[in-house]
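Comments concern the structure below.
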Amino acid sequence: MVEEKPHQKYTEKEKKEIFNSEFMPHIRSMYNFGFRLTFDRDDAKDLVQDTYLKSYRFIESFQKGTNAKAWLFRILKNSFINDYRKKSKEPSKVDYQEVETYYNSDEVDRQITPDLRVESLKDMIGDEISNALNSLDVDFRTVIILSDLEEFKYEEMAKILDIPIGTVRSRLHRARNLLKEKLSEYAKSMGYNKSNV
Amino acid sequence: MSKPNNPFLKEDGTKCTCMDMLQQMLDSEVTNEQRDYFKQHLDNCMPCYKTYDLEMTIKELLKSKCCGGDVPPDLIIELQAQINQKIST
Ligand SMILES: [Zn+2]
């Protein structure tokens, strides 16, 4: 997308209008995404700044009135992988083969965390949920952010992440289960177990 | 009231499992018709009811706890300045 040839011609005035009215309103979501990817306020700021400067530079490959948010998220995600991750040399720990096999197995139909109760979740008023989300590997964290926080659809997520819709679905499914496992660990450490619920 | 047609049919005509329906609901990938059907299904399927309740609670928690964080004000100021500079040159 960023590499794409420009499809439209905008005047300087139009560019500024698009930037301000279609790109800037998403800055909160973008910053939150950047922060949840890097866990660092300065890095998040750099990532968002870089993304917005790129979006301006390549604004002519963006068609006015289309999905600016998905377009911006895609640029940020690519910047994170290509620039930030390379710098920090964070290895990717996810084994996709394992992910897909998991989804196709019977294990999916098993209730993984039967001991996690709604009541124990209601007591998680601190940072538990945020910590649980942050504990997930970056690829699983990303799909939860895109789906549950930002309400992107499968199709949009597939475009943002450059993966097939089937992979979006299975990765999201796996991510939800991992999140539940983490939350049930917290619930247990908070003193919830079968005997006192 | 007559039983509604199952709107959760797969491409090959087979019915979706409870897990499939649940996931589509959680991921907000359903039509209004599918949503209504699923809500009715919840009255008759305890495992779905419990899982759906739990998952929706997690979803709401995520939204309320993980969306915050104010954007640093200097980020917006710097960005605007950088863009304005590009325009004037
Ligand atoms: Zn069911």
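One line per chain: the protein sequences are A and B, in this order.
Quick note: the first sequence uses my numbering, first residue 1, plus one each step.
Quick note: the second sequence uses my numbering, first residue 198, plus one each step.
Quick reminder that beta carbons are idealized off the backbone N, C-alpha and C, glycines included.
No Cβ-Cβ contact shorter than 8 Å links residue 175 of chain A with residue 168 of chain A.
Nearest to residue 57 of chain A by alpha-carbon distance, out of A/10, A/45, A/132, is A/10. Taken from the Cβ of residue 244 of chain B, at least one heavy atom of ligand 1 lies inside 7 Å.
DSSP places residue 167 of chain A in the uninterrupted alpha helix (DSSP H) bounded by 165-189.
In this structure, residue 23 of chain A lies near residue 55 of chain A, with their beta-carbon atoms less than 8 Å apart. At a cut-off of 8 Å, the C-beta of residue 75 of chain A has no neighbouring C-beta in chain B.
Residue 215 of chain B has its Cβ nearer than 7 Å to a heavy atom of ligand 1. Contact between the region 246-263 of chain B and the region 170-185 of chain A is present, with at least three C-beta pairs closer than 8 Å. Look at residue 26 of chain A: its beta carbon is at least 7 Å from all of the heavy atoms in ligand 1.
Taking the C-beta atoms as reference points, residue 31 of chain A is found nearer than 8 Å to residue 44 of chain A. Between residue 70 of chain A and residue 156 of chain A, the gap from beta carbon to beta carbon is short of 8 Å.
Taking 8 Å as the cut-off, the Cβ atoms of residue 76 of chain A and residue 33 of chain A count as close. Inter-residue distance for residue 148 of chain A and residue 122 of chain A is about 18 Å (C-alpha atoms, whole angstroms). By the neighbour-count definition (other C-beta atoms within 10 Å, threshold 16), residue 7 of chain A is an exposed residue. For residue 231 of chain B, there are no C-beta contacts with chain A under 9 Å, since the nearest C-beta of that chain is about 14 Å from it. Against chain A, a Cβ distance below 8 Å from residue 226 of chain B picks out 153, 154. Judged by beta-carbon spacing, residue 130 of chain A lies beyond the 8 Å limit of residue 264 of chain B, meaning their Cβ atoms are not closer than that value. Residues of chain A with a Cβ closer than 8 Å to the Cβ of residue 211 of chain B do not exist; the shortest Cβ-Cβ separation is about 15 Å. One finds 148, 149 in chain A with Cβ atoms closer than 8 Å to the Cβ of residue 260 of chain B, taken in chain order.
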